[in-house]
Amino acid sequence: MSESYKVITKNGSGEIVEKKSRFIGNVFRVENASEAEEKIAEISKKYWDARHNCYAYVIGANSEITKCSDNGEPSGTAGKPILEVINGSGITNVLIIVTRYFGGVLLGTGGLVRAYTQAAQAGLAACEVGEMVYAQKLTAVVGYNMINNVQYYLGQNDISIADSRYEADVQFDICVRDADVERIKSGLTQKTEGQITFIEGDKGYYIL
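In our numbering, the protein residues as written are 3 to 210.
Here you go:
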């Protein structure tokens with residue numbers, strides 16, 4: 003199991019023009035193959051008058067699912083270059099569709115590979131990327147006299163407070179890398195002189 007992987011946190015699009023042909027790279031976060039195929043159909047409908055809608059997608063924490071399509075371009079000149087851009091980025095759960103409006107000038111095999119590569123890169127450059135980390139959700143429960151101690155320790159360890167509740171006591175919701183859970187719990191216990199309890203939540207992949 004992968005400890006972490008990169009995902010798109012904000013979709014993006016980019017465009018290049020090569021010898022009068024227009025290449026539009028649209029990038030989307032997708033969680034499964036069905037979602038990817040639905041998005042491909044949606045983009046193909048949106049750009050119905052384009053010559054080609056070529057794509058590639060990679061899904062899974064360990065890139066278990068991959069697919070690419072040249073959509074009528076010469077074999078290996080579109081889908082594979084787009085897929086190589088994805089693999090080179092280290093991002094998963096991502097779909098890149100490059101739409102081509104033909105400008106009347108043939109680009110040749112090398113020209114097509116470069117154009118589809120650059121359009122995919124332009125789309126990715128317009129995205130925001132985050133890291134999904136296998137982590138444990140924790141709620142730290144302390145008295146009001148220990149608020150500053152907890153906040154200081156979490157800040158020193160680059161742990162964000164997802165939510166906080168001020169009731170009879172104070173509850174801080176945090177997410178901690180699975181490998182760091184015992185260290186953080188021990189550190190908080192020392193910092194609060196033992197005046198802290200923890201409620202363990204779900205383990206899973208979260209953006210920290």
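By construction, the Cβ of each residue, glycine as well, lies at the ideal position given by its N, Cα and C atoms.
Looking at the secondary structure, which residues open and close the alpha helix (DSSP H) in which residue 36 lies?
Numbered from its first residue, the sequence shown carries residue 36 at position 34. Unbroken alpha helix (DSSP H) run through residue 36: 35-48.
Tell me which residues share the same chain as residue 181 and place their Cβ nearer than 8 Å to its Cβ, disregarding the 5 neighbours each side in the sequence.
Position 179 of the sequence shown, counting from 1, holds the residue named residue 181. The beta carbon of residue 181 sits closer than 8 Å to those of 5, all from its chain and outside the five residues before and after it, given in chain order.
Given that a residue counts as buried once 16 or more other Cβ atoms are within 10 Å of its Cβ, and exposed if not, what is residue 137?
As a position in the sequence shown, residue 137 is number 135, starting the count at 1. So residue 137 counts as buried.
Using the Cβ count rule (16 or more neighbours within 10 Å means buried), how would you classify residue 55?
Here residue 55 corresponds to residue number 53 of the sequence shown, with the count starting at 1. The residue in question, residue 55, is buried, as its Cβ has 16 or more Cβ neighbours within 10 Å.
Would you call the CB atoms of residue 133 and residue 8 closer than 8 Å?
By 1-based counting over the sequence shown, the position of residue 133 is 131. By 1-based counting over the sequence shown, the position of residue 8 is 6. Going by C-beta atoms, residue 133 is nearer than 8 Å to residue 8.
Apart from the five residues on each side of it in sequence, which residues of its chain come closer than 8 Å, Cβ to Cβ, to residue 120?
For the purposes of this step, residue 120 is taken as residue 118 along the sequence shown, with counting starting at 1. Sequence-distant Cβ neighbours of residue 120 in its own chain, meaning closer than 8 Å and more than five residues away, are 18, 20 and 25.
Considering only C-alpha positions, which residue in the set 70, 158 and 77 is nearest to residue 96?
Here residue 96 is taken as the residue at index 94 of the sequence shown, counted from 1. Ranking 70, 158 and 77 by Cα distance to residue 96 puts 70 first.
Residue 84 versus residue 37: straight-line alpha-carbon distance, rounded
For this step, residue 84 is matched to residue 82 along the sequence shown. For this step, residue 37 is matched to residue 35 along the sequence shown. If you draw a straight line from the Cα of residue 84 to the Cα of residue 37, it comes to about 18 Å.
Among all the DSSP beta bridges, which residues are the ones paired with residue 56?
Taking the sequence shown and counting its residues from 1, one reaches residue 56 at position 54. Paired residues: 100.
Reducing DSSP to helix, strand and coil, say where residue 170 ends up.
Translated into positions along the sequence shown, residue 170 becomes position 168. Looking at residue 170 - three-state DSSP - the assignment turns out to be coil, as it is neither helix nor strand.
Keeping to the same chain, check which residues put their C-beta closer than 7 Å to that of residue 111; ignore five residues upstream and five downstream.
For this step, residue 111 is matched to residue 109 along the sequence shown. Taking C-beta separations shorter than 7 Å and ignoring five residues to either side along the sequence, the partners of residue 111 in its chain run 76 and 79, following chain order.
Residue 107 classed as buried or exposed, judged by whether at least 16 other C-beta atoms fall within 10 angstroms
Your numbering for residue 107 matches position 105 in the sequence shown. Using a 10 angstroms sphere on the CB of residue 107, the tally of other CB atoms stays under 16, which defines it as exposed.
Residue 57 and residue 81 - do their beta-carbons sit closer together than 8 Å?
For the purposes of this step, residue 81 is taken as residue 79 along the sequence shown, with counting starting at 1. For the purposes of this step, residue 57 is taken as residue 55 along the sequence shown, with counting starting at 1. Pairing residue 81 with residue 57 gives a Cβ-Cβ distance under 8 Å.
For residue 140, does the three-state DSSP call read helix, strand or coil?
The count along the sequence shown starts at 1 and reaches residue 140 at position 138. DSSP places residue 140 in strand when its eight states are reduced to three.
Write down every uninterrupted run of the alpha helix (DSSP H) in the segment 154-204 whose length is 4 residues or greater and which is fully enclosed by it, in chain order.
Complete alpha helix (DSSP H) runs here, min 4: 183-193.
Where residue 11 falls, given that 16 or more other Cβ within 10 Å makes a residue buried:
Locating residue 11 in the sequence shown gives position 9, where the first residue counts as 1. An exposed status is given to residue 11, since fewer than 16 other beta-carbon atoms sit within 10 Å of its beta-carbon.
Output needed for residue 115: all residues of its chain with C-beta closer than 7 Å, excluding positions within five of it in sequence on either side, in chain order.
By one-based count along the sequence shown, residue 115 stands at place 113. Within the same chain, and ignoring the five residues on either side of residue 115 in sequence, the residues whose Cβ sits closer than 7 Å to its Cβ are 79 and 83.
Measuring CB to CB, does residue 51 end up less than 8 Å from residue 139?
Against the sequence shown, residue 51 aligns to sequence position 49. Against the sequence shown, residue 139 aligns to sequence position 137. Not in contact: residue 51 and residue 139 (Cβ atoms no closer than 8 Å).
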